[in-house]
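Undergrad:
There are 2 protein chains.
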Amino acid sequence: MTYTVKEISEKMGLTEHTVRFYTDKGLLPCRRDKNNRRIFDDESVNWLRTIQCLRKCGISIEDIRSYSALCMEGSSTLSVRYEFMKSHRKLALKRLEEARELVSYMDHKVRHYEDILEGRAPDDTNPSAGRPRQKE
Amino acid sequence: MTYTVKEISEKMGLTEHTVRFYTDKGLLPCRRDKNNRRIFDDESVNWLRTIQCLRKCGISIEDIRSYSALCMEGSSTLSVRYEFMKSHRKLALKRLEEARELVSYMDHKVRHYEDILEGRAPDDTNPSAGRPRQKE
DNA sequence: ATAGCACCTTCGACTCACTCGAAGTCAAGT
DNA sequence: ACTTGACTTCGAGTGAGTCGAAGGTGCTAT
């Protein structure tokens with residue numbers, strides 16, 4: 001099964017621009033047809049799926065590019081790749097913790113406005129209204 | 137209590153550049169001394185704390201700017217601000233969910249490499265190795 | 001008084017990861 | 001022959017900083 005830029009971008013929920021960007025940056029290997037058009041296969045789909053996850057994890061294009069190169073190199077790079085993943089998992093955990101804090105901050109803000117609107121608290125147009133108490 | 141750019145940036149853990157950027161963009165109101173230097177007070181500190189949270193929530197500079205303007209306008213804008221916060225809380229929740237998924241994805245990747253390194257799984261240099269199974 | 005220093009100012013350029021549009025190429029369909 | 005549509009590259013724009021240069025101001029030490 002092969003795909004054009006348009007097809008794979010639709011399949012993966014990316015813009016065509018982004019797919020071309022990834023191939024140009026060397027993240028996403030692709031072959032070309034006789035008219036120099038990019039052609040992708042199911043392997044590309046897998047790659048793209050991985051890239052999407054890694055990007056969402058906040059890993060930079062450049063880091064993904066070099067990780068991708070390590071994968072190509074074969075099993076000699078296994079332990080490097082392992083360390084790469086371990087360190088990024090740590091970062092992901094940090095962001096998870098932060099996301100939790102932010103939700104509770106927003107909860108607090110929303111409740112604050114509800115209190116005012118329902119007359120349980122005085123009107124408070126102070127910009128810092130509802131900010132988190134001590135920490136952060 | 138008043139602060140210079142340097143002082144407030146140190147206090148808040150931002151670069152001086154960023155603080156100036158925020159004042160220039162109209163997010164962070166500030167007075168000027170007779171030499172045109174920015175001066176901040178404790179109110180500014182509160183504002184900055186709020187701005188930091190909102191930014192971490194992924195709210196754009198422009199949205200924060202208009203939220204800040206709404207706050208200045210007074211209690212007539214209370215319900216607009218309430219809706220603003222509610223919708224951003226929703227986004228924060230979505231990101232929390234995503235952060236959870238990403239951590240579990242990274243866990244999976246890390247385990248995958250451990251399995252290979254410890255001989256519990258075959259070497260697999262396939263780029264898509266360890267990607268999430270069905271969903272995402 | 002002049003030099004050095006720390007701090008401030010604005011301005012314009014750079015970064016990253018896209019995002020967009022323009023201009024051109026190519027094969028197929030009417 | 002012409003249009004359509006998908007492709008190509010290239011260059012510019014965006015957002016949110018990030019950085020550095022060039023210059024202004026006031027304090028202290030010599």
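Heads up: the sequence lines are chains H and V, in that order. Mind the numbering: the first sequence is residues 1 to 136 in my numbering, read in order. Mind the numbering: the second sequence is residues 137 to 272 in my numbering, read in order. Backbone N, C-alpha and C fix where the C-beta goes; we use that ideal spot for every residue, glycine too.
#1: If K222 of chain V sits next to L102 of chain H, beta carbons under 8 Å apart, how far is it from one beta carbon to the other, in whole angstroms?
#2: If the criterion is Cβ atoms closer than 7 Å, does the pair L48 of chain H and M12 of chain H meet it?
#3: Would you say C166 of chain V and R174 of chain V are within 7 Å of each other, going by their C-beta atoms?
#4: For V80 of chain H and V45 of chain H, I'd like the C-alpha separation in whole angstroms.
#5: Name the residue from H:L78, H:P122, H:R100 and H:L70 whose alpha carbon lies nearest to the alpha carbon of K230 of chain V.
#6: So which residues of chain H does I252 of chain V contact, with C-beta pairs closer than 7 Å?
#7: Using the C-alpha atoms, what's the distance from K109 of chain H back to K271 of chain V?
#8: Over what stretch of residues does the alpha helix (DSSP H) that includes R120 of chain H continue unbroken?
#9: Taking its Cβ as the centre, do 16 or more other Cβ atoms sit within 10 Å of R168 of chain V, making it buried, or is it exposed?
#10: Chain V partners of C30 of chain H, CB-CB under 8 Å?
#11: Taking buried to mean at least 16 other C-beta atoms within 10 Å of its own C-beta, is T2 of chain H buried or exposed?
#12: Would you say A205 of chain V faces chain H, with C-beta separation under 7 Å as the test?
#13: Within 7 Å (strictly less), CB to CB, does Y82 of chain H reach chain V?
#14: Can you pull out the residues from the stretch 93-109 of chain H whose beta carbon lies closer than 8 Å to at least one beta carbon of chain V?
#15: If you check the beta carbons only, do K6 of chain H and E16 of chain H fall under 7 Å apart?
#16: Report yes or no: is there a C-beta of chain V within less than 7 Å of the C-beta of R65 of chain H?
#17: Rounding to the nearest angstrom, what Cα-Cα distance links R20 of chain H and A257 of chain V in this structure?
#18: For the stretch 149-162 of chain V, list every residue whose C-beta sits within 8 Å of some C-beta in chain H, in sequence order.
#19: Of all Cβ atoms in chain V, is any one closer than 7 Å to the Cβ of M85 of chain H?
#20: Nearest chain H C-beta to Y139 of chain V closer than 7 Å, yes or no?
#21: By the three-class DSSP mapping on this structure, what secondary structure does I51 of chain H have?
#22: Checking 7 Å against the spacing of the C-beta atoms, do I64 of chain H and L27 of chain H come in under that value?
#23: My guess is that A92 of chain H and M242 of chain V are in contact by the Cβ rule of under 8 Å, so how many angstroms apart are they, rounded?
#24: Could you list which residues in chain V have their beta carbon closer than 8 Å to that of K56 of chain H, in chain order?
#25: Quick check on R133 of chain H: buried or exposed, where buried means 16 or more other Cβ atoms within 10 Å of its Cβ?
#26: What do you get for S76 of chain H, buried or exposed, if any count of 16 or more other CB atoms within 10 angstroms of its CB means buried?
#27: Between which two residues does the beta strand (DSSP E) carrying R174 of chain V extend?
#28: Taking only beta-carbon positions, decide if R174 of chain V is within less than 7 Å of chain H.
#29: What residues are listed by DSSP as bridge partners for R167 of chain V?
TA: Here's the rundown:
#1: The sequence position of residue 222 of chain V within the second sequence is 86, counting from 1. The sequence position of residue 102 of chain H within the first sequence is 102, counting from 1. That pair is no contact at about 15 Å.
#2: Here residue 48 of chain H refers to the residue found at position 48 of the first sequence. Here residue 12 of chain H refers to the residue found at position 12 of the first sequence. For L48 of chain H and M12 of chain H, yes; Cβs fall inside 7 Å.
#3: The residue given as residue 166 of chain V occupies position 30 in the second sequence. The residue given as residue 174 of chain V occupies position 38 in the second sequence. The criterion of a C-beta distance shorter than 7 Å is satisfied by C166 of chain V and R174 of chain V.
#4: Against the first sequence, residue 80 of chain H aligns to sequence position 80. Against the first sequence, residue 45 of chain H aligns to sequence position 45. Distance between the alpha carbons of V80 of chain H and V45 of chain H: 24 Å.
#5: Counting from 1 along the second sequence, the entry for residue 230 of chain V is found at position 94. Selection H:L78, H:P122, H:R100 and H:L70 evaluated against K230 of chain V yields H:R100 as nearest (Cα-Cα).
#6: For the purposes of this step, residue 252 of chain V is identified with residue 116 of the second sequence, where counting begins at 1. The CB of I252 of chain V comes closer than 7 Å to the CB of L78 in chain H, given here in chain order.
#7: Walking along the second sequence from the start, residue 271 of chain V turns up at place 135. Walking along the first sequence from the start, residue 109 of chain H turns up at place 109. Confidence at K271 of chain V is low in this model, with a pLDDT of 30, below 50, so its placement is unreliable and the value that follows should be read with caution. Whole-angstrom Cα-Cα distance: 33 Å.
#8: Taking the first sequence and counting its residues from 1, one reaches residue 120 of chain H at position 120. Counting along the chain, no alpha helix (DSSP H) covers R120 of chain H, and no H or E run does either.
#9: As a working mapping, residue 168 of chain V is identified with position 32 in the second sequence. Counting every other CB atom within 10 Å of its CB across the protein chains shown gives R168 of chain V a total below 16, marking it as exposed.
#10: One-based indexing of the first sequence puts residue 30 of chain H at position 30. The contacting residues do not exist; C30 of chain H stays about 12 Å from chain V at best.
#11: Against the first sequence, residue 2 of chain H aligns to sequence position 2. For T2 of chain H, the number of other beta carbons within 10 angstroms of its own is below 16, and it is reported as exposed.
#12: Numbered from its first residue, the second sequence carries residue 205 of chain V at position 69. Not an interface residue.
#13: The residue you call residue 82 of chain H lines up with position 82 of the first sequence. Output row for Y82 of chain H: interface = yes.
#14: Residues are counted here when their Cβ sits less than 8 Å from a Cβ of chain V; for the stretch 93-109 of chain H these are L93, R95, L96, E98, A99, R100, L102, V103, Y105, M106, D107 and K109, given in chain order.
#15: By 1-based counting over the first sequence, the position of residue 6 of chain H is 6. By 1-based counting over the first sequence, the position of residue 16 of chain H is 16. A contact, by the Cβ cut-off of 7 Å.
#16: The residue you call residue 65 of chain H lines up with position 65 of the first sequence. Answer no: the Cβ-Cβ gap between R65 of chain H and chain V never drops below 7 Å.
#17: Counted from its first residue, the first sequence places residue 20 of chain H at position 20. Counted from its first residue, the second sequence places residue 257 of chain V at position 121. Cα to Cα, the separation comes out at about 34 Å.
#18: Only those residues of the stretch 149-162 of chain V whose C-beta falls short of 8 Å from the nearest C-beta of chain H would be listed, and there are none.
#19: For the purposes of this step, residue 85 of chain H is taken as residue 85 along the first sequence, with counting starting at 1. Among the CB atoms of chain V, one or more fall inside 7 Å of the CB of M85 of chain H.
#20: As a first step, residue 139 of chain V is located in the second sequence; it is residue number 3 there, counting from the start. Chain H has no Cβ within less than 7 Å of the Cβ of Y139 of chain V.
#21: By one-based count along the first sequence, residue 51 of chain H stands at place 51. Of the three classes helix, strand and coil, the one that applies to I51 of chain H here is helix, per DSSP.
#22: To locate residue 64 of chain H, count along the first sequence from 1; it is residue 64. To locate residue 27 of chain H, count along the first sequence from 1; it is residue 27. With respect to the 7 Å criterion, I64 of chain H and L27 of chain H are classified as neighbours on the basis of their beta carbons.
#23: Indexing the first sequence from 1 puts residue 92 of chain H at position 92. Indexing the second sequence from 1 puts residue 242 of chain V at position 106. The pair is a contact, with the Cβ atoms about 5 Å apart (cut-off 8 Å).
#24: Taking the first residue of the first sequence as position 1, residue 56 of chain H is located at position 56. Going along chain V in sequence order, the residues near K56 of chain H (Cβ under 8 Å) are E234 and L238.
#25: On the first sequence, residue 133 of chain H is found 133 positions in, with the first residue counted as 1. Note that R133 of chain H scores 34 on pLDDT, short of 50, meaning its location in the model is unreliable and no value can be drawn from it.
#26: The residue given as residue 76 of chain H occupies position 76 in the first sequence. Note on S76 of chain H: under 16 other CB atoms within 10 angstroms of its CB, so exposed under the neighbour-count rule.
#27: Here the question's residue 174 of chain V lines up with position 38 in the second sequence. Looking at the DSSP string, the run of the beta strand (DSSP E) that includes R174 of chain V is R174 to D177.
#28: Here residue 174 of chain V is taken as the residue at index 38 of the second sequence, counted from 1. Chain H contact via Cβ: absent.
#29: Numbered from 1 along the second sequence, position 31 holds the residue referred to as residue 167 of chain V. Residue pairing for R167 of chain V: DSSP places it in a beta bridge opposite V:I175.
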